[in-house]
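Quick note on my numbering: the sequence shown kicks off at 40 and runs consecutively.
We put the beta carbon where it would ideally sit given N, CA and C, even for glycine.
Presented below is the structure to which this report refers.
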Amino acid sequence: MNGSESVSSPASPEGSAAPGESESGMGGEEADFRSGFVALVGRPNTGKSTLLNRIIGTKVAITSPVPHTTRTRIRGVLDRPDSQLVFVDTPGFHKPKTALGERLNETASASFDDVDVCVLMVEANSAIARGDRFVADQLPRGSVVAVNKVDRASRSQVLEHLAKAQESLGLPDAEYFPISALSGDGVAELVSYLVGRMPTGPRYFPPGMVTDVPEAFFVAELVREQLIRFAEEELPHSIACRVTEWEWPRIRCEILVERDSQKGIVIGRGGSVLKAAGIAVREQLAPGAYLELFVKVEKGWQRHPELIERLGY
Ligand SMILES: Nc1nc2c(ncn2[C@@H]2O[C@H](COP(=O)(O)OP(=O)(O)OP(=O)(O)O)[C@@H](O)[C@H]2O)c(=O)[nH]1
Ligand SMILES: [Mg+2]
């Protein structure tokens with residue numbers, strides 16, 4: 040396993056094992072304790088974040104029907120008595136048109152080498168596309184294919200799709216798993232297989248820690264998730280959110296858009312969109328949270344690498 044870059048930060052606050060220092064880690068693991076890192080990769084919208092949330096059993100990543108929802112690497116920890124798997128959700132691979140798009144692809148490809156296994160996600164309800172093959176071509180040997188959204192296809196369509204995927208993805212040694220991240224069908228089988236693929240090793244994260252995403256960043260993501268639901272066409276890509284103040288229970292979140300004309304859409308008539316988004320986010324926060332939302336125009340932020348960096352993408 041070579042996820043060393045990523046392991047030291049979550050482990051160190053607990054004062055425990057440095058990367059590679061097994062056994063001494065969090066809670067005296069057995070000699071046959073298995074652990075490792077699994078990247079979820081694929082085209083946008085294939086269901087990577089939905090699968091991450093399903094496996095972890097709680098929401099750690101936002102999801103939406105709009106492509107390019109995930110902008111950062113998001114890790115979710117599955118901790119079990121005999122194993123600990125760290126799942127790494129990544130932005131969907133695509134042909135980039137902006138600095139943000141390039142950044143998303145870089146984040147996704149950086150995950151490939153840093154994990155024990157890559158899971159390529161494709162959709163059962165749409166034909167294998169050039170974008171799927173593009174990702175498949177870059178994957179290390181031993182990658183696995185999850186054919187997601189089987190709830191959207193009949194059994195015979197799924198079988199046909201599996202055969203076609205095997206033929207056209209160019210991953211001759213890969214194992215294939217038909218799954219539904221939405222309903223959970225087939226997910227346990229995939230996870231058991233992945234546990235078997237992990238080497239013996241320590242717990243990288245303390246038990247009970249489900250993600251390394253900072254809480255303020257997650258709240259900003261929840262706001263963005265709600266706004267994506269209201270926004271149409273290009274607008275979802277133009278929205279960025281960041282929490283600028285956190286004095287519990289008061290949380291101030293800024294919403295950036297790229298053009299003046301987008302500001303009104305995000306605010307909504309009489310503030311209706313912001314209000315609805317605020318209510319939906321608060322329902323997901325601890326009781327008592329007081330969320331203040333502000334909309335700002337940051338012209339063309341998607342095209343400025345330094346702004347993208349400052350937003351944490
Ligand atoms: N029917 C069905 N829909 C699914 C399934 N998995 C995901 N979806 C839907 O597919 C859409 C995209 O899901 P996401 O999890 O956001 O996809 P993603 O791959 O993370 O997308 P990006 O972050 O943009 O790369 C959402 O509307 C999900 O509800 C599934 O198993 N079945
Ligand atoms: Mg995603």
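* Check: residue 71 C-beta below 7 Å from any heavy atom of ligand 2 -> If you number the sequence shown from 1, residue 71 lands on position 32. Not under cutoff, so the answer is no.
* If you compare alpha carbons, which of 306, 287 and 310 is closest to residue 324? -> Residue mapping note: residue 324 aligns to position 285 of the sequence shown, counting from 1. When only C-alpha atoms are compared, the closest one is 287.
* Asked: Does DSSP classify residue 344 as helix, strand or coil?
  -> Counting from one through the sequence shown, the residue named residue 344 turns up at place 305. Helix, per DSSP.
* **Length of the line joining the Cα atoms of residue 132 and residue 214** => On the sequence shown, residue 132 is found 93 positions in, with the first residue counted as 1. On the sequence shown, residue 214 is found 175 positions in, with the first residue counted as 1. The alpha-carbon atoms of residue 132 and residue 214 are separated by roughly 21 Å.
* Are residue 186 and residue 163 close, meaning C-beta to C-beta below 8 Å? -> Against the sequence shown, residue 186 aligns to sequence position 147. Against the sequence shown, residue 163 aligns to sequence position 124. Yes, Cβ-Cβ distance for residue 186 and residue 163 is below 8 Å.
* Report yes or no: do the stretch 313 to 324 and the stretch 102 to 120 share at least 3 C-beta pairs separated by less than 8 Å? => no
* Asked: Is it true that the CB of residue 124 sits closer than 8 Å to the CB of residue 77?
  -> Position 38 of the sequence shown, counting from 1, holds the residue named residue 77. Position 85 of the sequence shown, counting from 1, holds the residue named residue 124. Yes. Within cutoff.
* When the Cβ atoms of the stretch 244 to 251 are set against those of the stretch 265 to 279, are three or more pairs found closer than 8 Å? -> no
* Comparing the CB of residue 87 with every heavy atom of ligand 1, is any distance shorter than 7 Å? -> Walking along the sequence shown from the start, residue 87 turns up at place 48. Yes, since a heavy atom of ligand 1 falls inside the 7 Å radius drawn around the Cβ of residue 87.
* Asked: Taking the runs of the beta strand (DSSP E) that are 3 residues or longer, which of them lie wholly in the stretch 119 to 175?
  -> 122 to 128 and 156 to 162
* Asked: Hey, would you say residue 150 sits closer than 8 Å to residue 234, going by beta carbons?
  -> If you number the sequence shown from 1, residue 150 lands on position 111. If you number the sequence shown from 1, residue 234 lands on position 195. No, they are not a contact pair.
* Asked: So, helix, strand or coil for residue 226, using DSSP?
  -> Sequence index remark: in the sequence shown, residue 226 carries index 187 (1-based). Three-state DSSP puts residue 226 in a helix.
* At which residue ranges does the stretch 186 to 267 contain complete alpha helix (DSSP H) runs of 4 or more residues, listed in the order of the chain? -> 194 to 207 and 226 to 236
* Examine the Cβ distances between the stretch 279 to 295 and the stretch 156 to 170 and report whether three or more of them are shorter than 8 Å. => no
* residue 144: beta carbon under 7 Å from a heavy atom of ligand 1? -> As a working note, residue 144 is residue 105 in the sequence shown. No, ligand 1 has no heavy atom inside 7 Å of this Cβ.
* Asked: Tell me, which residues are paired with residue 335 by DSSP?
  -> Working through the sequence shown from its first residue, we reach residue 335 at position 296. According to DSSP, which records beta bridges pairwise, residue 335 is partnered with 295.
* In whole angstroms, what is the alpha-carbon distance linking residue 101 and residue 120? -> In the sequence shown, residue 101 corresponds to position 62, counting from 1. In the sequence shown, residue 120 corresponds to position 81, counting from 1. In a straight line, the C-alpha of residue 101 is about 28 Å away from that of residue 120.
* Asked: Tell me which same chain residues have a C-beta within less than 8 Å of the C-beta of residue 210, skipping the five on either side of it?
  -> What you label residue 210 is simply residue 171 of the sequence shown in a count that begins at 1. Correct list, in chain order: 159, 175, 178, 182 and 184.
* Asked: Which residues mark the beginning and the end of the alpha helix (DSSP H) in which residue 93 is found?
  -> Here residue 93 refers to the residue found at position 54 of the sequence shown. Looking at the DSSP string, the run of the alpha helix (DSSP H) that includes residue 93 is 87 to 95.
* Asked: Whose CA, out of 97, 167, 80 and 258, lies closest to the CA of residue 206?
  -> Position 167 of the sequence shown, counted from the first residue, corresponds to residue 206. Residue 167 is the option with its Cα nearest to residue 206.
* Asked: Excluding five sequence neighbours on each side, which residues of the same chain lie with their C-beta closer than 7 Å to the C-beta of residue 204?
  -> Working through the sequence shown from its first residue, we reach residue 204 at position 165. Hits under 7 Å: 161, 167, 184, 186 and 215.
* Where does the unbroken beta strand (DSSP E) through residue 180 begin, and where does it stop? -> As a first step, residue 180 is located in the sequence shown; it is residue number 141 there, counting from the start. Element bounds for residue 180: n/a, residue is neither H nor E.
* Asked: Is residue 111 near ligand 2, judged by its Cβ being under 7 Å from some heavy atom?
  -> Here residue 111 is taken as the residue at index 72 of the sequence shown, counted from 1. Residue 111: no, Cβ never under 7 Å from ligand 2.
* Using three-state DSSP, classify residue 76 as helix, strand or coil. => As a working mapping, residue 76 is identified with position 37 in the sequence shown. In this structure, residue 76 counts as strand in the three-state DSSP scheme.
* To do: Would you mind giving the Cβ-Cβ distance between residue 377 and residue 113, rounded to the nearest angstrom? I have them listed as a contact below 8 Å.
  => Nothing about residue 377 can be reported from this structure: the residues present for the chain run from 40 to 352 only.
* So, are the CB atoms of residue 249 and residue 296 less than 8 Å apart? -> For the purposes of this step, residue 249 is taken as residue 210 along the sequence shown, with counting starting at 1. For the purposes of this step, residue 296 is taken as residue 257 along the sequence shown, with counting starting at 1. Taking 8 Å as the Cβ cut-off, residue 249 and residue 296 do not qualify as a contacting pair.
* In or out: residue 134 buried (at least 16 other Cβ within 10 Å) or exposed? -> Translated into positions along the sequence shown, residue 134 becomes position 95. Under this definition residue 134 is an exposed residue.
* With a Cβ-Cβ cutoff of 8 Å, do residue 180 and residue 155 count as a contact? -> Taking the first residue of the sequence shown as position 1, residue 180 is located at position 141. Taking the first residue of the sequence shown as position 1, residue 155 is located at position 116. No; because the gap between Cβ atoms is not below 8 Å, this pair is not in contact.
* Counting only the same chain and skipping the five closest in sequence on each side, list residues whose C-beta sits under 8 Å from that of residue 91. => Indexing the sequence shown from 1 puts residue 91 at position 52. Here the set comprises 79, 99, 100, 113, 115, 126 and 128.
* To do: Measure the Cβ-Cβ separation of residue 138 and residue 341 and say whether it is below 8 Å.
  => The sequence position of residue 138 within the sequence shown is 99, counting from 1. The sequence position of residue 341 within the sequence shown is 302, counting from 1. Contact: yes.
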